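Heads up: take any position in the sequence shown, counting from 1, add 69, and you land on the numbering used here.
Yeah, the Cβ is synthetic: ideal placement off N, Cα and C, and Gly gets one too.
This structure is a prediction, so every number in the text was calculated from the model and none was measured.
Accompanying notes for the structure given below.
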Amino acid sequence: MTENSDELIGPDLTQGIEISTIRPGQLIAGHAFGEPVLLVHVEPNWFAVGRKCTHYGAPLDQGVLVSETLRCPWHHACFELHNGAALCAPALNDLPVYDVAVENNVVRVTRKRDPGRVKGEGHRPRGSRAPDHVLFDASPATGPKSVVIIGAGAAGNACAEMLRRESYRGPITVIDPDPDAPYDRPNLSKDYLAGNAPEEWLPLHPREFFDAQRIEMLSGVEAKAIDVKSRTVQLSDGNSREYGCLLIATGAAPIRLEVPGGEQILYLRTLRDCRAIIERLGGARTAVVIGGSFIGLEVAASLIKRGLSVSVVAQETLPLEGVLGTELGTLIRNVHQQEGVSFYLGRKITAVEGKTVLLDEGTRLTADLVVGGIGVRPNMQLAESAGLILDNGLAVNEFLETSASGVFAAGDVARWPDAYSETRLRIEHWVVAERQGQAVARNMLGRRERFRDIPYFWSAHYDKLTIRYTGHVERWDKTRIEGDVMKMDCAVSYIVRGEPRAMATINRDRKNLETEVTLETELLLKAPPPVTIEATET
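Next up, the structure:
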């Protein structure tokens, strides 16, 4: 998904361009000093930044300009033009920034600004998420006396990083039983499992980054209990940490099938899980994937890429029909069938006997490998034992604060009041989790910002089908289709009470991004509802 890093297109911006040939708001793809650069005119200012998104290398000249910010066309990251700052996930690293001079009706790039580097980081490999420079500065200390973050996934990592971006100087401790966290979890079921991405691409940051940022990473350590009265977290190694503010970002765990022989079923949630699946591939010829979810279908696609014969067993009559509708569900099934996947829809497994999977109507499937992908449940044990309010997840208010003062939640575990749908949501999307973690960081520092981001996710199947989805609807009245679904060139709008509330697109990235901006604009016109949960002092 990363572009060729050596590709330089467009004019040499150091040679200058006549201003009369440039429209206000035009995104000019060019290069300077051997690097891809984007020149942008937002009256009366000129900006020059790196042309490729720091997340997966998307071409930002195909993005959308909103005031003096730039949105990525692939995964909807947002950057500030005047300093290249990554304002919101999934990009965690800033764009390079270049100085611009205007003289005699000619605009040219004159110099690349030096952001500095993380000590000890060295060369960054292609595809790495590692940052180019230190975010921590020496501004006066503000905020809580200390921050503890339980969970080093999308939300936890984003929160820790944003605290330093916002110049918080107090102690930060991140606790996670996963020794490998944080890493790019969406890639596990996609390029990494398919064998297209090396493991060194997965870490979100090298360990040197956390040392430089003075973030204490307790990897392989589990939080065992939270005492909201004393504001302490008890750890599995016998130690404890006090907090001024706490983020619970414990994520979710795979739902495990309770069937005879179920202990043979593998599940994919962590890097360790993915390694276990890959280790089983040696000599394997057949695989059964249980579940027609996004994760299940992505695993099926990756195993096909590995040369296995794959069967998918799902209780649904059409994969993902309940999320994307009949048309896209049909396309997804067809694409997988064309690649060699055999579907057993409307079926469920009753047992695993050695290398045989038994279905409810008697079918017996041969499987050297069985992978389950039937969904996840939020990890709420810590929150429950701490006496926090639960509601199909850990209940939070508009500021992502729980029923206990100073205790926040984000990511797969959090259920929040969504301003756009006017319902409470718990969404298992990577970008949503990261943006919630960033919002929590700002609110820990007293910003009192309501979380009002529009949900977004993407799903990739083989090299031919990538679906991007903006908004969120659990039920809709009808769909409106632009383009041709079966030709994989379409935009599907999900209509609720006469209004489009979400959109799924294939090969119409800009349309999807423009829809996100439209939904954001509509949300800004809505009066914010009252706070639903008032955190109480303990």
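Next item on the list: Enumerate in chain order the residues of its own chain whose CB-to-CB distance from ALA502 is below 6 Å, with the five nearest sequence positions on each side excluded.
Entry: Hits under 6 Å: ALA223, ALA224 and GLY480.
Item checked: Distance CB(VAL618)-CB(LYS214) smaller than 8 Å -> The first residue shown for the chain is 70 and the last is 607, placing residue 618 beyond what the model contains.
Margin query: Check for me: the beta strand (DSSP E) holding VAL445 runs from which residue to which?
Written below: Per DSSP, VAL445 is one residue of the beta strand (DSSP E) stretching across 445-447.
Checklist line | HIS274, enclosing beta strand (DSSP E) - first and last residue | finding: Per DSSP, HIS274 lies in no beta strand (DSSP E) and is assigned neither H nor E.
Check: Which residue's Cα is closest to the Cα of VAL109: ARG120, GLY119, ALA101 and ILE97?
Finding: Ranked by how close their Cα comes to the Cα of VAL109, the residues ARG120, GLY119, ALA101 and ILE97 have ILE97 in first place.
Margin query: Mapping the DSSP letters down to three states, classify CYS559 as helix, strand or coil.
Written below: Of the three classes helix, strand and coil, the one that applies to CYS559 here is strand, per DSSP.
Check: What residues in its chain sit with their C-beta under 6 Å from that of ASP249, if we drop five residues either side in the sequence?
Finding: Non-local C-beta neighbours of ASP249 in its own chain, meaning closer than 6 Å and more than five positions away in sequence, comprise LEU340, ordered along the chain.
Next item on the list: Kindly indicate which residue of CYS343, GLU589, ARG180 and ASN173 has the alpha-carbon position closest to the one of ALA266.
Entry: Among CYS343, GLU589, ARG180 and ASN173, the Cα nearest to that of ALA266 is on CYS343.
Notebook entry, point to check: So the alpha helix (DSSP H) ASP363 belongs to, where does it begin and stop?
Noted result: Checking the sequence, you will find Phe at residue 363 rather than Asp. First-last of the alpha helix (DSSP H) with PHE363: 363-374.
Next item on the list: Tell me whether SER136 is buried or exposed, calling it buried when 16 or more other Cβ atoms sit within 10 Å of its Cβ.
Entry: Exposed, by the Cβ-count rule.
Checklist line | Residue span of the alpha helix (DSSP H) that contains GLY506, given as start and end | finding: Run containing GLY506: 499-513, per the alpha helix (DSSP H) assignment.
Margin query: With a threshold of 6 Å on Cβ separation, who are the neighbours of PHE205 within its own chain once the five nearest residues in sequence on each side are excluded?
Written below: Because the pLDDT at PHE205 is just 49, under 50, the model does not fix this residue reliably, and the value given afterwards should be weighed accordingly. These residues qualify, in order along the chain: ARG233 and GLN282.
Margin query: Using only CA atoms, which one of LEU438, LEU592 and THR83 lies nearest to VAL358?
Written below: Minimum Cα-Cα distance from VAL358 among the listed residues LEU438, LEU592 and THR83 corresponds to LEU438.
Notebook entry, point to check: Taking the Cβ atom as the reference point for each residue, do LEU335 and ILE346 lie within a distance shorter than 8 Å?
Noted result: Yes, the Cβ-Cβ distance between LEU335 and ILE346 is below 8 Å.
Note to self: Using the three-state DSSP reduction, which class does VAL613 fall into: helix, strand or coil?
What the structure shows: The structure shown has nothing for residue 613, since the chain only spans 70 to 607.
Check: For SER117, which beta-bridge partners are listed by DSSP?
Finding: In the sequence on display, residue 117 carries Ala and not Ser. According to DSSP, ALA117 bridges with LEU108 and TYR167.
Next item on the list: For PHE526, I'd like the list of residues in its chain whose CB is within less than 6 Å of its CB, leaving aside the five on either flank, ordered along the chain.
Entry: Excluding residues within five positions, the ones whose Cβ falls inside 6 Å are HIS498 and TYR538.
Notebook entry, point to check: Does the separation of the CB atoms of ALA229 and ILE241 fall below 8 Å?
Noted result: Contact flag set, yes.
Next item on the list: Classify ALA356 as helix, strand or coil using the three-state DSSP reduction.
Entry: The answer is strand: DSSP assigns ALA356 an E or B state.
Checklist line | Helix, strand or coil at GLN450 according to DSSP, with G and I counted as helix | finding: In the structure shown, GLN450 sits in a helix (DSSP, three-state: H, G or I).
Notebook entry, point to check: Using the beta-carbon count (16 or more within 10 Å), is GLY515 buried or exposed?
Noted result: Exposed, since its Cβ has fewer than 16 Cβ neighbours within 10 Å.
Next item on the list: Below 8 Å on the Cβ atoms is my guess for SER258 versus VAL368; work out the distance and round it to an integer in Å.
Entry: Yes, SER258 and VAL368 are in contact; Cβ-Cβ is about 5 Å, under 8 Å.
Notebook entry, point to check: Between the Cα of SER305 and the Cα atoms of ARG566, SER299, CYS314 and VAL290, which residue gives the shortest distance?
Noted result: Looking at ARG566, SER299, CYS314 and VAL290, the one whose alpha-carbon comes closest to that of SER305 is VAL290.
Next item on the list: Go through its chain and collect everything with a Cβ distance to GLY330's Cβ below 7 Å, but skip five positions before and after it.
Entry: Excluding positions up to five away in sequence, the list reads ALA420, VAL421 and GLU422.
Check: Relative to the alpha-carbon of LYS417, which residue among GLY409, PHE477, ARG402 and LEU434 has its alpha-carbon at the smallest distance?
Finding: The residue with the shortest Cα to Cα distance from LYS417 is LEU434.
Note to self: Assuming CYS157 is part of the beta strand (DSSP E), what are its boundary residues?
What the structure shows: 155-157 is the span of the beta strand (DSSP E), which, as asked, contains CYS157.
Notebook entry, point to check: Is it the case that the CB of PRO323 approaches a heavy atom of the ligand HEM more closely than 7 Å?
Noted result: You won't find the ligand HEM in this model; it holds no ligand whatsoever.
Next item on the list: Would you please state the rounded distance, in angstroms, between the beta carbons of VAL476 and ILE317? I believe it to be under 8 Å.
Entry: That pair is a contact at about 7 Å.
Notebook entry, point to check: Which stretch, first to last residue, makes up the beta strand (DSSP E) that contains GLY552?
Noted result: Boundaries of the beta strand (DSSP E) harbouring GLY552: 547-553, taken from the DSSP string.
Item checked: Reference ARG238, options MET513, ASN448, SER378 and LEU262, closest by Cα -> For ARG238, the nearest C-alpha among the options comes from MET513.
Check: If you run the structure through DSSP and keep just helix, strand and coil, what is TYR252?
Finding: Collapsing the DSSP output to three states places TYR252 in a strand.
Checklist line | For ASP247 and GLU268, the rounded distance between their alpha carbons | finding: GLU268 and ASP247: Cα-Cα distance of roughly 16 Å.
Check: Taking the alpha carbon of GLY79 as the point to measure from, which residue in GLU543, ARG120 and VAL111 has its own alpha carbon closest?
Finding: Answer by Cα proximity: ARG120.
Check: Should THR138 and LEU129 be called a contact, given that it needs their Cβ atoms to be closer than 8 Å?
Finding: Going by beta carbons, THR138 and LEU129 fall outside the 8 Å limit.
Notebook entry, point to check: For GLY313, which residues of its own chain have a beta-carbon under 6 Å away from its beta-carbon, when the five flanking residues on both sides are left out?
Noted result: Excluding five sequence positions before and after GLY313, the CB atoms of its chain that fall closer than 6 Å to its own CB belong to PRO213, LYS214 and SER215, given in chain order.
Next item on the list: Kindly indicate the opening and closing residues of the alpha helix (DSSP H) around THR584.
Entry: 578-593 is the span of the alpha helix (DSSP H), which, as asked, contains THR584.
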